[in-house]
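Only one structure is covered here, and it is reproduced in the block below.
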Amino acid sequence: MDSNYVGDLDKCHSITGYVFTFAKGFVSWRSTLQSAIALSTTKVEYIALTKDFKEAIWLYRLIDNLGIV
């Protein structure tokens, strides 16, 4: 996970990105502007971490449902 505070100076939005790997291959990745304008670096990290954990939980459940050990 990575994020930066006010990465887009025109819109005052922060940029968030993540990469998930499985068996040395990329499974899921994303780099996007956050939808909310954060007033601090702590809030930027909190927003990014929340979205990343949602993706991690979804991927975990997918792998579990497929029966991959």
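Each step along the sequence shown adds one to the number in our numbering, with nothing skipped, and position 3 is 920.
Here a beta-carbon is modelled for each residue, glycine too, at the ideal position from N, C-alpha and C.
Here residue 972 is near residue 945, since their CB atoms are less than 8 angstroms apart. Residue 961 carries a helical assignment under DSSP once its states are collapsed to helix, strand and coil. With fewer than 16 other CB atoms across the displayed protein chains lying within 10 angstroms of its CB, residue 977 is exposed.
Just measuring C-alpha positions, the residue of 943, 933, 948, 980 sitting nearest residue 958 is 933. The alpha-carbon separation between residue 931 and residue 983 amounts to approximately 35 angstroms.
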